[in-house]
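Scroll down for the structure; my scribbles are underneath it.
Numbering (the working numbering), first residue to last: 135 to 304.
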């Protein structure tokens, strides 16, 4: 089973996480708050593999402690590698968190980074990276965000060249 690590996946990335689960991915969601759709508690990884990933696996995360976050994810993965990283991490924690989880990624695993402020920084990781810059939306922000991030995920999984795409209502 392919594994996706979705950092910040309980808010505006919830649609992306849900779509990956529906496509058969095991999705691990480190975040501050538990999403309603997630599995947690003892034996959650075993339940996810038995149920073929019908729910993402939630792990409590503290962006200020990136190495602890990475250790929790590593324990949850039980030796599996991450085949896709989708990250929307506040800029003040971004570098530390991405570097902390880097060793969990399979060789060449694609990365999708989501940003809300320009200028968009260079990718932190050497992996092929699709970047999304989200603008302002008068309505349907959740739907537009999900679509933009899922488009980037598709580009990443199809091996497209790293790129930056701007999604804005203007």
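For glycine and all other residues, C-beta sits at the position ideal for the given N, C-alpha and C.
- Here DSSP, grouped into helix, strand and coil, assigns residue 200 to helix.
- Distance from the Cα of residue 279 is smallest, within the candidate group 250, 159, 260, 254, for 250.
- The shortest C-alpha to C-alpha distance from residue 212 to any of 202, 247, 238 is the one to 238.
- In this structure residue 189 is buried. Its beta-carbon is surrounded by 16 or more other beta-carbon atoms within 10 angstroms.
- In the three-state DSSP reduction, residue 138 falls in the strand class (E or B).
- Under the criterion of beta carbons closer than 8 angstroms, residue 163 and residue 144 qualify as touching, at roughly 6 angstroms.
- Per DSSP, reduced to three states, the secondary structure at residue 195 is coil, with no helix or strand assignment.
- Contact between the segment 224-236 and the segment 153-163 is absent: fewer than 3 CB-CB pairs across the two stretches fall below 8 angstroms.
- Taking 8 angstroms as the upper bound for CB-CB distance, residue 301 and residue 254 are not in contact here, some 12 angstroms apart.
- Looking at the DSSP output, residue 153 shares a beta bridge with no other residue.
- Secondary structure note for residue 279: its alpha helix (DSSP H) is the uninterrupted segment 275-291.
- Counting the other Cβ atoms within 10 Å of the Cβ of residue 194 gives fewer than 16, which makes it exposed.
- Beta-carbon to beta-carbon, residue 140 and residue 147 are separated by about 6 angstroms, close enough to satisfy the 8 angstroms threshold.
- Among the bridge pairs identified by DSSP, residue 265 is matched with 247, 298.
- 216 is the residue among 270, 226, 216 whose C-alpha sits nearest the C-alpha of residue 245.
- For residue 276, same chain residues with a beta-carbon under 7 angstroms away, outside a window of 5 residues either side, are 146, 149 in chain order.
- In this structure, the straight-line span from the alpha carbon of residue 219 to that of residue 281 is close to 17 angstroms.
- Distance from the CA atom of residue 264 to the CA atom of residue 204, rounded to whole angstroms, is 22 angstroms.
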